[in-house]
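Please read the structure below before turning to the comments.
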Amino acid sequence: MKTLIVFFTICLISLTISASGKKIGKILTADEANDLFGSVTESVSIDRETLVSYLEECDKYMMCAIKDGQLIITDDNRKVLTPFKLEIASLKSSVPNNYIISDDEVLNVYSKSVVEELLKKANESELGFDMRGDVMTVSYGDYVMEFTSPCPPWCS
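Counting from -12, one number per residue, gives the positions in the sequence shown under this note's numbering.
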């Protein structure tokens, strides 16, 4: 029941944020995130400087997802910024950085400015892109970013 309430709260906040054109994402303490979304069930780390370089390629938004244990980060236009591997007919091959994720693939959207605000909160070398059940969060030091907008359906 708690998961259902959290899901509907996130959907309502996402709809409000998308409709109003405000920043997408909110920074919480790790304790608040644990209370709201539960503990981390899957995590993929990324170097802080690498994330900063990806942010430089984004205009207003950064989109991300964890697929098959791999972190995928895209720019505003769904251009893949992170290298990752696709399994096609049991062959693993790297996807070029100009690969575009299909329009129906759901990604989590954060405002670039909120990600940059998170990066100012701590002085750690890595961030964690975490799954907490069905909720994706980004952890950095004692802070966690959430309240993302799923794209689709709410794409800017």
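Ideal Cβ placement from N, Cα and C applies to all residues, glycine included. In this text the structure is predicted, and so the values were computed from the model without any measurement.
Check, Outcome
"If you follow the alpha helix (DSSP H) that Phe24 is part of, which residue opens it and which one closes it?", "Ala17 to Phe24"
"Look at Val96 and Ser136 and say whether their C-beta atoms are less than 8 Å apart.", "yes"
"Identify whether Gln57 lies in helix, strand or coil by the three-state DSSP scheme.", "strand"
"Under the three-state reduction of DSSP, which class applies to Arg119: helix, strand or coil?", "strand"
"Check the DSSP bridge columns for Cys138 and list the partner residues they point to.", "Leu94"
"In terms of residue numbering, what span does the alpha helix (DSSP H) encompassing Val101 cover?", "Lys99 to Leu106"
"Once you ignore the five residues that flank Ser30 on each side, which residues in its own chain have a CB closer than 6 Å to its CB?", "Gly115 and Asp117"
"With a 10 Å radius around its C-beta and 16 neighbouring C-beta atoms as the bar for buried, classify Thr61 as buried or exposed.", "buried"
"Which one or two residues does DSSP pair with Ile14 in a beta bridge?", "Met132"
"Which value, in whole angstroms, describes the spacing of the CA atoms of Asp90 and Glu111?", "34 Å"
"Label Asp129 either buried or exposed according to how many other C-beta atoms from any shown protein chain fall within 10 Å of its C-beta, with 16 as the threshold for buried.", "exposed"
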